[in-house]
Amino acid sequence: MLIENYTPFVGRGDVEEIKRLADSIRGAKVLHVNSTMVGGGVAEILHRLVPLMNDVGIDTDWQIFKGDENFFRITKKIHNLLHLPSAEGLDSREILTFHDYTCRNLGAIDTSPYDVVFIHDPQPVGLIIKRGNGQKWIWRCHIDVSTPTESVWRFVQTFSNGYDGSIFHVPEFISADLEIPAFIIPPSIDPLHDKNRDLEEDFVQSVLSRFGVDPDRPIVAQISRFDRLKDPIGLIRAYRIVRKTLDCQLLLAGSFADDDPEAVQVLEEIYAEIGKDPDIRLLNLPANSHLEINAFQRAATVVVQKSVREGFGLVVSEAMWKGKPVIGSYAGGIRRQIINESTGFFVHSIEGSAHRIKQLILNRELLEKMGRNAREQVRHNFLITRHLKDYLMVVKKLLKG
Amino acid sequence: MKRFIFRSELWVTQYTGIRVDTLSDFRRAIADADDDTLYYHLFRNMFEYHFLIPTYSNSFAYWFSESGRYILAERFSIIDPLAYTSLNDVRREILEILDNAGEERRRFKTPFYFRRAVRDVVELGMEARGLKSFIKCFESSGIYSLFYHLVSARLRLGAPTNDYSEWLRTAGQDGIASQIEALNPWMFDFYEIKRFILNILKNGSEQKG
Chain A
139 MLIENYTPFV
149 GRGDVEEIKR
159 LADSIRGAKV
169 LHVNSTMVGG
179 GVAEILHRLV
189 PLMNDVGIDT
199 DWQIFKGDEN
209 FFRITKKIHN
219 LLHLPSAEGL
229 DSREILTFHD
239 YTCRNLGAID
249 TSPYDVVFIH
259 DPQPVGLIIK
269 RGNGQKWIWR
279 CHIDVSTPTE
289 SVWRFVQTFS
299 NGYDGSIFHV
309 PEFISADLEI
319 PAFIIPPSID
329 PLHDKNRDLE
339 EDFVQSVLSR
349 FGVDPDRPIV
359 AQISRFDRLK
369 DPIGLIRAYR
379 IVRKTLDCQL
389 LLAGSFADDD
399 PEAVQVLEEI
409 YAEIGKDPDI
419 RLLNLPANSH
429 LEINAFQRAA
439 TVVVQKSVRE
449 GFGLVVSEAM
459 WKGKPVIGSY
469 AGGIRRQIIN
479 ESTGFFVHSI
489 EGSAHRIKQL
499 ILNRELLEKM
509 GRNAREQVRH
519 NFLITRHLKD
529 YLMVVKKLLK
539 G
Chain B
11 MKRFIFRSEL
21 WVTQYTGIRV
31 DTLSDFRRAI
41 ADADDDTLYY
51 HLFRNMFEYH
61 FLIPTYSNSF
71 AYWFSESGRY
81 ILAERFSIID
91 PLAYTSLNDV
101 RREILEILDN
111 AGEERRRFKT
121 PFYFRRAVRD
131 VVELGMEARG
141 LKSFIKCFES
151 SGIYSLFYHL
161 VSARLRLGAP
171 TNDYSEWLRT
181 AGQDGIASQI
191 EALNPWMFDF
201 YEIKRFILNI
211 LKNGSEQKG
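Quick note, the sequences are listed as chains A and B, same order. Numbered according to the working numbering, the first sequence spans residues 139 to 539. Numbered according to the working numbering, the second sequence spans residues 11 to 219.
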């Protein structure tokens with residue numbers, strides 16, 4: 139069984155519990171619906187979770203809600219307006235387009251054979267109209283809707299209120315006026331994914347050498363999109379403070395789509411800030427460079443996630459899984475992953491970041507102890523097996539009360 | 011001899027919809043909270059961070075400390091849910107601390123989100139009829155199972171003991187039962203506790219043998 143592959147990470151007991159839990163709801167048919175098969179965290183997690191649910195005996199399908207560029211432009215706007223309050227709203231044409239695509243998908247997606255239907259994010263939320271008698275529908279919201287644009291939240295609520303329940307990453311992401319039950323299920327990482335699986339030391343060294351990173355000097359790394367909200371400039375300034383007294387290198391690695399004009403501009407700003415410093419490596423990698431990112435995280439001495447604003451920020455758990463303490467800002471899901479002074483440090487300024495980077499580089503004992511705690515924190519709370527268990531529990535709760 | 015069925019406790023978190031940011035609202039919420047909510051913040055929290063020696067021992071205490079209410083954080087941190095066999099008794103202690111803190115309407119820096127543990131118990135398909143098979147099954151079980159039988163058993167049994175010790179006594183293993191009862195889960199992580207219990211069981215088994 140596929141699930142057995144996780145025994146080395148979580149132990150035989152945990153795997154057995156998952157199988158027993160699945161046995162208690164055997165026969166249930168489950169459907170997941172989202173709007174893309176590739177790209178983004180939701181698709182990535184479904185690629186791993188759907189096979190695992192089937193593997194433990196829960197008949198699970200995954201269907202895609204289809205739209206065109208215009209529809210996705212509107213749903214991107216909905217996403218942004220749910221995320222932050224704005225004076226803007228949806229105009230009547232946008233609302234009609236949303237309804238039009240909902241109607242088209244009502245015919246294309248057959249939800250009738252399923253006992254439990256998971257609808258991911260706002261794009262397919264209107265499918266609730268199809269809910270049949272005895273079915274349980276759950277809205278899995280992957281975004282922070284704690285401070286939404288009122289009119290857009292009301293629009294989404296006309297659908298979400300029809301669900302039997304919802305799932306959010308953390309309670310802080312939930313709007314105060316949510317009217318349906320909400321489960322709290324944080325996202326997870328897969329230890330068998332290329333991003334996280336063990337790597338041969340030779341491979342790690344070859345990646346460092348390919349990208350001109352010196353393996354013999356401390357490496358401070360941040361892996362993130364080129365986005366001002368990730369505060370790469372702030373990190374460069376923190377690194378410069380550290381460099382006044384300590385020899386180290388800074389690695390900023392990420393990727394962006396070529397058609398993202400803002401990312402291009404941010405990249406230029408970062409280059410300007412770096413100037414001629416030969417010890418800062420700025421790497422714009424192809425989106426599927428999982429093994430390279432994995433190698434950088436493993437080679438890093440200290441990993442930083444200095445975001446100003448963050449969704450869940452699973453990259454923190456990815457680094458922690460590799461035994462790295464993470465220095466992070468107190469933003470979004472980062473504050474759920476780092477346990478301050480145990481698995482890393484929370485920082486609130488450039489100077490604070492510099493102070494913690496220095497501490498960890500200079501104190502190997504502290505670095506190793508925090509790294510061990512960090513890996514255990516992920517093993518205990520942020521692996522895909524916990525995620526699978528949580529989903530099975532939700533299915534059981536919905537079906538059996 | 012009575013058989014011992016190995017079980018495990020699983021849970022998923024549910025948000026109660028109760029979010030407070032003043033001491034008075036917090037007190038009201040504690041007074042009204044159901045057992046699964048208190049269980050989540052006191053017991054599940056202990057399980058979640060079992061591998062650390064945390065500064066504060068429960069999420070209430072953390073919340074107080076985040077807002078600079080260090081005295082309350084420390085008073086809450088000393089609450090030992092394992093000293094009780096009923097959640098209502100823990101609730102009474104919490105309310106007493108809050109009553110002594112007095113009335114206060116000042117807003118905290120961040121709200122506290124009350125959550126509950128939606129719990130389920132599964133049988134692991136392993137049962138023991140004697141010490142030998144008990145040791146074998148115990149070795150195969152995970153720490154969720156350990157938590158169910160060793161920690162949350164106190165609330166179920168309403169007595170300061172645990173499922174293992176209860177059964178071992180019926181099997182005539184009073185010495186082993188008492189040694190397991192004497193373990194303090196606050197002092198070690200659950201992997202260590204499992205190792206200690208396994209040693210106690212194996213030593214006891216050899217002495218009998």
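For glycine and all other residues, C-beta sits at the position ideal for the given N, C-alpha and C.
Contact belief for residue i with residue j at Cβ below 8 Å, rounded distance in angstroms
i: residue 95 of chain B; j: residue 164 of chain B; result: 5 Å
i: residue 530 of chain A; j: residue 159 of chain A; result: 5 Å
i: residue 276 of chain A; j: residue 302 of chain A; result: 6 Å
i: residue 431 of chain A; j: residue 538 of chain A; result: No, residue 431 of chain A and residue 538 of chain A are not in contact; Cβ-Cβ is about 41 Å, not under 8 Å.
i: residue 365 of chain A; j: residue 410 of chain A; result: In fact, because the Cβ distance is near 16 Å, the residues do not count as touching under 8 Å.
i: residue 459 of chain A; j: residue 329 of chain A; result: 7 Å
Chain B contact for residue i (CB, 9 Å cutoff)
i: residue 518 of chain A; result: yes
i: residue 609 of chain A; result: There is simply no residue 609 of chain A to check, as chain A begins at 139 and stops at 539 in what is shown.
i: residue 406 of chain A; result: no
i: residue 528 of chain A; result: yes
i: residue 607 of chain A; result: What the structure shows of chain A is the stretch from 139 to 539, and residue 607 of chain A is not part of that stretch, so it cannot be assessed.
i: residue 511 of chain A; result: yes
i: residue 532 of chain A; result: yes
i: residue 515 of chain A; result: yes
i: residue 535 of chain A; result: yes
i: residue 321 of chain A; result: yes
i: residue 152 of chain A; result: yes
i: residue 148 of chain A; result: yes
i: residue 434 of chain A; result: no
i: residue 476 of chain A; result: no
Cutoff 9 Å: residue i Cβ touching any chain A Cβ
i: residue 30 of chain B; result: no
i: residue 208 of chain B; result: no
i: residue 78 of chain B; result: no
i: residue 61 of chain B; result: yes
Assigned secondary structure, residue i (DSSP; H/G/I helix, E/B strand, else coil)
i: residue 139 of chain A; result: coil
i: residue 135 of chain B; result: strand
i: residue 43 of chain B; result: coil
i: residue 497 of chain A; result: helix
i: residue 19 of chain B; result: strand
i: residue 258 of chain A; result: strand
i: residue 552 of chain A; result: The question about residue 552 of chain A has no answer, for chain A in this structure spans 139 to 539.
i: residue 13 of chain B; result: coil
i: residue 196 of chain B; result: coil
i: residue 321 of chain A; result: strand
i: residue 316 of chain A; result: coil
i: residue 266 of chain A; result: helix
i: residue 25 of chain B; result: strand
i: residue 33 of chain B; result: helix
i: residue 376 of chain A; result: helix
i: residue 431 of chain A; result: helix
i: residue 528 of chain A; result: helix
i: residue 242 of chain A; result: helix
i: residue 391 of chain A; result: strand
i: residue 181 of chain B; result: coil
i: residue 327 of chain A; result: strand
Residue i, enclosing beta strand (DSSP E) - first and last residue
i: residue 359 of chain A; result: 357-361
i: residue 306 of chain A; result: 303-306
i: residue 346 of chain A; result: Not the beta strand (DSSP E): residue 346 of chain A falls in the alpha helix (DSSP H), residues 339-348.
i: residue 422 of chain A; result: 418-422
Endpoints, alpha helix (DSSP H) assigned at residue i
i: residue 201 of chain A; result: Looking at the DSSP string, residue 201 of chain A is not in any alpha helix (DSSP H); the run it does join, the beta strand (DSSP E), is 197-202.
i: residue 186 of chain B; result: 184-191
i: residue 274 of chain A; result: Counting along the chain, residue 274 of chain A falls outside any alpha helix (DSSP H), though it belongs to the beta strand (DSSP E) covering 274-278.
i: residue 504 of chain A; result: 502-519
i: residue 292 of chain A; result: 288-298
Whole runs of the beta strand (DSSP E) within the region 51-123 of chain B, excluding any shorter than 3 residues: Within the region 51-123 of chain B, no complete beta strand (DSSP E) run reaches 3 residues.
Contiguous alpha helix (DSSP H) assignments of at least 4 residues, all confined to the region 135-173 of chain B: Listed in chain order, the complete alpha helix (DSSP H) runs (minimum 4 residues) inside the region 135-173 of chain B are 141-150, 153-156, 163-167.
Ordered list of alpha helix (DSSP H) runs contained in the region 437-492 of chain A, each at least 4 residues: With a minimum length of 4 residues, the continuous alpha helix (DSSP H) runs that stay inside the region 437-492 of chain A are 453-459, 472-475.
Unbroken stretches of the beta strand (DSSP E), 3 residues or longer, contained in the region 188-238 of chain A: Listed in chain order, the complete beta strand (DSSP E) runs (minimum 3 residues) inside the region 188-238 of chain A are 197-202.
4-residue-minimum alpha helix (DSSP H) runs that sit fully inside the region 144-170 of chain A, ordered along the chain: Here the runs fully enclosed are 145-148, 150-161.
Residues within the region 296-316 of chain A neighbouring chain D, beta-carbon criterion of under 8 Å: Of the protein chains in the structure, A and B, none is chain D.
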